[in-house]
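Residue numbers (my numbering): 6 to 444.
Let me begin by presenting the structure, written as structure tokens, before commenting on it.
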């Protein structure tokens with residue numbers, strides 16, 4: 006009898022143990038690991054120590070809302086090494102389920118089908134609204150008319166203005182709708198030999214380029230259908246001629262970063278990320294402390310608008326992911342959740358891709374927090390309009406190569422005082438031939 010009871014007890018214990026182990030096994034079997042690809046630091050080449058804080062918050066929230074799901078990412082991958090890391094993962098067949106998309110790789114990944122076409126997911130998701138996003142930011146993730154990535158963070162280029170120098174010369178800071186002619190007149194008044202040594206000491210612009218002028222000229226910078234850069238377009242020619250007028254004011258002298266740092270230059274292009282960085286502690290004590298400054302829009306040409314370039318950090322979904330629904334939910338949380346997007350202002354130097362967040366009083370208050378007392382935060386409506394109406398640079402493979410060639414050619418035209426029209430006709434022919442050879 007005792008033996009029978011002992012056997013029965015042992016059997017029950019074994020049964021319970023097996024059930025317990027089975028539950029543990031089933032729990033681990035059900036856990037889903039979603040791989041996330043990201044790099045360390047800022048996408049905008051400014052100091053940033055909080056990129057992981059932002060992501061860790063988003064991941065913790067997602068895991069809390071999705072029991073049995075764990076987000077895994079590799080830390081310590083720099084922006085410079087990230088593209089190579091992705092290429093290696095792609096070759097190994099281990100591309101993350103959701104990942105940051107480097108600008109240089111967007112077109113390649115899209116054309117090869119590395120990233121999932123998001124059109125169908127968007128169409129069947131009643132909670133997703135394209136109108137929540139800035140148009141330029143959302144369009145940056147399109148390839149061949151299809152949404153292949155969503156924007157996570159965006160940064161416009163603004164024009165830095167030295168308010169102290171303008172005040173010294175009794176010139177008012179320009180309004181948001183100023184023109185090329187307005188800028189030229191200000192630069193003409195600013196540019197002078199102050200100490201009488203025969204050399205100019207004050208200048209109108211530093212690093213303001215023909216590209217900045219083209220964006221505001223009113224023309225199309227490139228032919229999106231033929232992937233052709235129309236360097237003989239009248240608006241492009243007008244932009245180069247305008248640059249020539251500005252360049253002539255300097256009487257052959259080169260304007261340097263040192264001239265700008267000393268407060269002797271009126272205008273310089275600056276990204277919003279740089280604006281945030283150098284307007285706040287501790288970086289404000291290292292740069293641009295000898296004068297008061299702020300950021301404004303770029304001046305518009307006769308047929309153009311006050312527009313500038315807008316860059317966006319994109320995120321996509323691996324087309325071979327085994328967890329499409331979860332990957333889509335995680336991507337939406339990072340890019341379309343207002344709470345997560347407000348953290349862009351808290352922990353990054355960029356701008357939220359959501360109109361409601363960027364245009365909010367809370368975002369303005371966050372930007373204002375780290376500024377000196379009396380410093381006026383950038384106007385939120387100005388920031389909103391600059392992003393919504395901004396210019397997206399093409400991402401196709403030969404674009405930057407061609408633009409580098411154009412930079413060199415236009416620099417020679419300005420330095421050697423060549424005829425703009427005839428020089429650009431010759432350059433257009435050489436570029437057309439170059440692009441045909443690359444196809």
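Here a beta-carbon is modelled for each residue, glycine too, at the ideal position from N, C-alpha and C.
Item                                                                                                                                                                     : Value
Just the C-alpha distance for residue 174 and residue 192, rounded to the nearest angstrom, thanks.                                                                      : 11 Å
With respect to the alpha helix (DSSP H) encompassing residue 272, which residues constitute its N-terminal and C-terminal limits?                                       : Premise fails: residue 272 lies in the beta strand (DSSP E), 270 to 276, not in any alpha helix (DSSP H).
If you run the structure through DSSP and keep just helix, strand and coil, what is residue 198?                                                                         : coil
Taking the alpha carbon of residue 190 as the point to measure from, which residue in 217, 162, 225, 251 has its own alpha carbon closest?                               : 251
Note down, in chain order, each residue of its chain lying with its Cβ closer than 6 Å to the Cβ of residue 43, except the 5 sequence neighbours on either side.         : 78, 105
For residue 102 versus residue 240, is the C-beta distance shorter than 9 Å?                                                                                             : no
Under a three-way DSSP split, which group does residue 124 fall into?                                                                                                    : helix
Residue ranges of each alpha helix (DSSP H) run of no fewer than 4 residues wholly in the stretch 55 to 96, ordered along the chain?                                     : 56 to 70
Please go through the stretch 310 to 383 and give each complete alpha helix (DSSP H) segment of 4 or more residues, from N-terminal end onward.                          : 329 to 341, 343 to 352, 360 to 363, 366 to 374
Would the stretch 60 to 75 and the stretch 353 to 366 be scored as touching if the rule is three or more Cβ pairs under 8 Å?                                             : no
Residue 137 and residue 359: beta carbons closer than 9 Å?                                                                                                               : yes
How would you label residue 86, buried or exposed, when you count the other beta carbons within 10 angstroms and need 16 or more for buried?                             : exposed
Can you find the residues in the same chain that come closer than 6 Å, C-beta to C-beta, to residue 348, ignoring five residues on each side of it along the sequence?   : 59
Going by DSSP, what residue range makes up the beta strand (DSSP E) through residue 210?                                                                                 : 208 to 210
Can you give me the C-alpha to C-alpha distance between residue 126 and residue 310, rounded to a whole angstrom?                                                        : 35 Å
Return yes when the Cβ of residue 161 is within less than 9 Å of the Cβ of residue 261, no when it is not.                                                               : no
Which residues bound the beta strand (DSSP E) around residue 407?                                                                                                        : Here residue 407 belongs to no beta strand (DSSP E); instead the alpha helix (DSSP H) covers 404 to 420.
Which residue or residues does DSSP assign as beta-bridge partners of residue 152?                                                                                       : 147
Taking only the alpha-carbon atoms, compute the straight-line gap between residue 216 and residue 203 and give it to the nearest angstrom.                               : 31 Å
Please say whether residue 184 and residue 395 have beta carbons closer to each other than 9 Å?                                                                          : no
Would you say residue 341 and residue 146 are within 9 Å of each other, going by their C-beta atoms?                                                                     : no
Look at the Cβ atom of residue 427, then the Cβ atom of residue 414, and state whether they are nearer than 9 Å.                                                         : no
In chain order, what residues of the same chain have a beta carbon less than 8 Å from the beta carbon of residue 238, not counting five sequence neighbours either side? : 224, 225
Mind checking whether residue 63 and residue 338 have CB atoms under 9 Å apart?                                                                                          : yes
Classify residue 76: buried if its beta carbon has 16 or more other beta carbons within 10 angstroms, exposed otherwise.                                                 : buried
Provide the residue span of the alpha helix (DSSP H) that contains residue 215, from first to last.                                                                      : 215 to 220
Per DSSP, which residues does residue 43 bridge with? Please list them.                                                                                                  : In the DSSP output, where bridge partners are listed per residue, residue 43 has none listed.
Can residue 259 and residue 244 be called in contact, C-beta distance under 9 Å?                                                                                         : no
Given residue 55, which residues of its chain have a CB within under 6 Å of its CB, disregarding the five upstream and five downstream residues?                         : 352
Determine the burial state of residue 115: buried for a count of at least 16 other Cβ atoms within 10 Å of its Cβ, exposed for fewer.                                    : buried
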